[in-house]
Amino acid sequence: MTPEPAGRAPTRHRAPLGAEVARDLLYLGHQARFLEAGVRNLARSEGLQPGLADFRMDPRSTVLARAMRCTTDGRGDVCHPGPLAPGPALAFGATPLEFLRHLAGKGTSPASAREGGTSWTDLRRGMIGWGGTRGGTATQVLAGAALAFRHRGEDRTALVFERRAALQSGGWHEGMNLAGAVRAPLIVVLAASRTGDPSRHVDIETVAASYGVAWVRLGPEPPEELFQTVAAARRRAVRGEGPTLIELARLRREDRWSPHDEFAARAASSAGFSEHDLDAIRRAAAAGVEHAVARIEKEPGPPPGDALAPVCTDGPPPPPWTRREPPAPDTPAPDDPAERPHAE
Amino acid sequence: MPNETPAHVARTRSGEPATFLEAIAEALWEEMERDERVFLMGEDIGAYGGAFKVTRGFLERFGPSRVVDTPISEGGFTGAAAGAAHMGLRPVVEMQFMDFISPAYDVLTNYIATSLYRGAGPMPLVVRGPVGGGNRGGPFHSQNVEMAFFHTPGLKIVYPSNPRDAKGLLKSAIRDENPVIFEEHKGLYRAPHCREVLPAEDYAIPLGRARTALEGDDLTIVAYGLMVHRSLEAAAELARDGIRAEVIDLRTLLPMDDEAIAESLRKTGKLLVVHEDTRTGGIAGEIAIRMNELAFEWLDGPILRVTAIDSPVPFSGELEDYFLPGVRDVVTAARYLVEY
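Taken in sequence, the protein lines are chains Z and C.
My numbering applies: residue 1 is where the first sequence begins, and numbers increase by one.
My numbering applies: residue 345 is where the second sequence begins, and numbers increase by one.
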């Protein structure tokens, strides 16, 4: 438990959280749990792709992300929710309805249905995400964001979630090496992989040491400890002490929500909430998800022409001439060669 | 920090002719002075001044936060440039040799090029570096990389042929809101015949506009980069036989100035495309189909191409000279076309 590089992050304690943070963590935990059920139900009713019928959240992701400085003015911390989306996205202010719209590819989605997956980019909220990320690209990109913060002397930090399988990718190591070399204010969370992982025997503490960054391993710790571990890593980053690598140990599926439930159970005493307060928080989270689930099935997909969006800021590409409005009968097509002045 | 400006970025201020390399350095220097969001990343660009010394003196003037020496990891630092661009900076990434851009192909094509379309916002960054053969660099230090990226919507590709254009186009690339790949032919960097006095004013040349390097009416030769010079040499030889070739310098490959090519073709009726890149999947094929769509009825002969051979760039001088397209190839193809 030392703040030095390659050691554990400096703080692992369970001091009570303030009421505002405790309320947020309770709300986000409930929201994530209801959203997990909502996605599964939608997948089973064909409102979403069937592969999502086994959709699982990691409740710890909302807690870890909430420990960052989340703002909506584009001046706070940034986060790549990655494989743990939407948990971190919820902490950064995304709504369940936005998430479902994005997941379902609705025209109202944050990416106008031109991207899907589970996370998207919203720079005002500090979210940098995309589907289809490969090989540690997120760590590279977020290291660059962190570099920009340091470049401008800003009190900002970048948080990136990857799966442990990123260890197999050279890209991840490039990003980590760069972040370590320039002591970028970056926190990297490596979650356990869901499928077979040839890198499962790699000692992440040793990896962290090789890049000169701090390391900490988190498992089923209570939300207070998760929160304060990231908060401490963030303070280190802002002080210019470099990145922290957080290894997130696998939780048994049936145990995933236990820390949240225990936290809720003791919130009355530790944060001073009444039973009525706790119930109100839970009901508010449920209502938001129920509203999103009910609405998503009624929303149409985007009009096909929306595919012609700008790929450069100069404007969208031209549509194929075969898809334009056909000319009226007996009227030459505007680009008919026979109408050109030099045609013979 | 010293106030003295290094000589190689002050040619224009002192009224001296600048080489192609010095024009690049001037553009970078002036843009960094003009806009504090502009910063450089690359291997050995700081203390060492870059493999070709383009950024010599930059570290002393702008400091390590704006002249970032990176690890040897093109994918890693190009990805980091994307993150910095998201945060409002305007990174200029140097590839020590553009051959080494391939490790960054993933992040360039999958992440950077798709950013705006995905709703993740514009991605103002430049990836620049030396390309091209003729320096006996062999397979790994001589490639032209444009067509590896030409097929990717969301990118722009610039490939200048002379110092004036290099400076003006690089300034536009840095000011552009989109990712730009900027290719600099090594054979032009210090070529004595390329030195020229650059305009004293702060000028930028718009991306996407070709220029007519030589007017003529017997055939159109379209080229870019070093091949503009080869084409002009060929045109001079053809002129001795009374053949007037028009030479179009594309300057920007993506977006391409189709209308400039078509306009010339409407005048000459014959089209020859010259590029140093290899033949199959080269830009000549794309130009041919575009002119087929735009100006088919003006064609008085087949569209021909002069290119490198479909092989890796060989190391030996004898082999490389045979591999690369030369003036003789251009003259031969042009004569054939004119007589067609």
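Quick reminder that beta carbons are idealized off the backbone N, C-alpha and C, glycines included.
No experiment lies behind these values; they were computed from the predicted model shown.
Count the other C-beta atoms from every protein chain shown that fall within 10 angstroms of the C-beta of residue i, then say buried if there are 16 or more, exposed otherwise.
i: residue 406(C); result: buried
i: residue 542(C); result: buried
i: residue 237(Z); result: buried
i: residue 109(Z); result: buried
i: residue 49(Z); result: exposed
i: residue 666(C); result: exposed
i: residue 471(C); result: buried
i: residue 427(C); result: buried
i: residue 1(Z); result: At residue 1(Z), the pLDDT of 33 sits below 50, so the modelled position is not reliable; the number obtained from the coordinates is stated separately. So residue 1(Z) counts as exposed.
i: residue 54(Z); result: exposed
i: residue 527(C); result: buried
i: residue 409(C); result: exposed
i: residue 344(Z); result: Confidence in residue 344(Z) is poor, its pLDDT being 40 and thus under 50, which makes the residue's placement unreliable; the coordinate value appears in the next sentence. That one is exposed.
i: residue 351(C); result: exposed
i: residue 496(C); result: buried
Going along the chain, which residues of its own chain have a beta-carbon closer than 6 angstroms to the beta-carbon of residue i, five neighbours each way excluded?
i: residue 510(C); result: 364, 367, 368, 504
i: residue 297(Z); result: 47
i: residue 99(Z); result: 86
i: residue 596(C); result: 502, 551, 552
i: residue 96(Z); result: 35, 288, 289, 292
i: residue 559(C); result: 590
i: residue 93(Z); result: 72, 125
Output needed for residue i: all residues of its chain with C-beta closer than 7 angstroms, excluding positions within five of it in sequence on either side, in chain order.
i: residue 634(C); result: 602
i: residue 487(C); result: 442, 443, 475, 657
i: residue 414(C); result: 385, 386, 387, 421
i: residue 121(Z); result: 127, 128, 129, 130
i: residue 29(Z); result: 59, 62, 260
i: residue 340(Z); result: Because residue 340(Z) carries a pLDDT of 48, less than 50, the predicted location of this residue cannot be relied on, and the following value inherits that uncertainty. Around residue 340(Z): no qualifying Cβ.
i: residue 70(Z); result: 76, 77, 91, 92, 93, 126
i: residue 308(Z); result: 316, 317, 319
Hey, quick one: how far does the beta strand (DSSP E) through residue i stretch, first residue to last?
i: residue 602(C); result: Here residue 602(C) belongs to no beta strand (DSSP E); instead the alpha helix (DSSP H) covers 602 to 612.
i: residue 515(C); result: No beta strand (DSSP E) contains residue 515(C), which is instead part of the alpha helix (DSSP H) from 507 to 519.
i: residue 436(C); result: 434 to 438
i: residue 373(C); result: Residue 373(C) -> not in any beta strand (DSSP E); alpha helix (DSSP H) instead, spanning 364 to 378.
i: residue 473(C); result: 470 to 475
i: residue 80(Z); result: 78 to 80
i: residue 215(Z); result: 214 to 218
i: residue 524(C); result: 524 to 529
i: residue 591(C); result: 589 to 593
i: residue 413(C); result: 411 to 413
i: residue 564(C); result: 563 to 567
i: residue 464(C); result: That residue, residue 464(C), is in no beta strand (DSSP E); it is neither H nor E in DSSP.
Would you give the residue range spanned by the alpha helix (DSSP H) that residue i belongs to?
i: residue 64(Z); result: 60 to 66
i: residue 229(Z); result: 223 to 238
i: residue 180(Z); result: 170 to 182
i: residue 98(Z); result: 96 to 104
i: residue 420(C); result: 418 to 430
i: residue 627(C); result: 627 to 639
i: residue 296(Z); result: 275 to 296
i: residue 28(Z); result: 19 to 44
i: residue 571(C); result: 570 to 583
i: residue 152(Z); result: 137 to 152
i: residue 682(C); result: 671 to 683
i: residue 621(C); result: Counting along the chain, residue 621(C) falls outside any alpha helix (DSSP H), though it belongs to the beta strand (DSSP E) covering 615 to 622.
i: residue 405(C); result: 402 to 406
i: residue 659(C); result: Per DSSP, residue 659(C) belongs to no alpha helix (DSSP H) and is neither H nor E.
Could you pull out every residue in the same chain whose Cβ sits closer than 8 angstroms to the Cβ of residue i, ignoring the five residues on either side in sequence?
i: residue 556(C); result: 590, 591, 592, 593, 604, 608
i: residue 675(C); result: 578, 581, 582
i: residue 286(Z); result: 30, 34
Under 8 angstroms between beta-carbons, which chain D residues line up against residue i? List them in chain order, please.
i: residue 500(C); result: Here the protein chains are Z and C, and chain D is not one of them.
message: Using a Cβ-Cβ cutoff of 7 angstroms, what residues of the region 189 to 216 of chain Z are near chain C? List them in chain order.
response: none
query: Got a sec: which bits of the region 397 to 431 of chain C sit with their beta carbon under 8 angstroms from any beta carbon on chain Z, in order along the chain?
result: 409, 410, 412, 414, 415, 417, 419, 420, 421, 422, 423, 424, 425, 426, 427, 428, 429, 430, 431
message: Closer than 8 angstroms between beta carbons: that is the criterion. Which residues of the region 461 to 489 of chain C meet it against chain Z?
response: 461, 462, 463, 464, 465, 466
- request: With 7 angstroms as the limit, tell me which residues of the region 513 to 534 of chain C have their beta carbon closer than that to any beta carbon of chain Z; keep them in chain order.
  value: 521, 522
query: Quick check: the region 447 to 462 of chain C against the region 392 to 408 of chain C, are there 3 or more CB pairs under 8 angstroms?
result: no
message: For the region 152 to 180 of chain Z, list every residue whose C-beta sits within 7 angstroms of some C-beta in chain C, in sequence order.
response: 171, 174, 175, 177, 178
- request: Could you say if the region 200 to 215 of chain Z and the region 151 to 163 of chain Z meet the contact criterion of at least three C-beta pairs nearer than 8 angstroms?
  value: no
- prompt: If you pair each beta-carbon of the region 208 to 218 of chain Z with each one of the region 262 to 276 of chain Z, do three or more pairs fall below 8 angstroms?
  reply: no
- prompt: Between the region 16 to 30 of chain Z and chain C, which residues of the former have a C-beta closer than 8 angstroms to a C-beta of the latter?
  reply: none
query: Do the region 520 to 535 of chain C and the region 568 to 579 of chain C touch if we need at least three Cβ pairs shorter than 8 angstroms?
result: yes
message: Output needed in chain order: residues of the region 369 to 391 of chain C with a Cβ under 8 angstroms from some Cβ in chain Z.
response: 383
- prompt: Looking at chain C, which residues of the region 134 to 149 of chain Z have a Cβ within less than 9 angstroms of any of its Cβ atoms?
  reply: 134, 135, 136, 137, 138, 139, 140, 141, 142, 143, 144, 145, 146, 147, 148, 149
- prompt: Along the region 92 to 121 of chain Z, what residues have a CB closer than 9 angstroms to any CB found in chain C?
  reply: 109, 110, 111, 112, 114, 115, 120, 121
- prompt: Does the region 452 to 471 of chain C come close enough to the region 629 to 645 of chain C that 3 or more CB-CB pairs lie under 8 angstroms?
  reply: no
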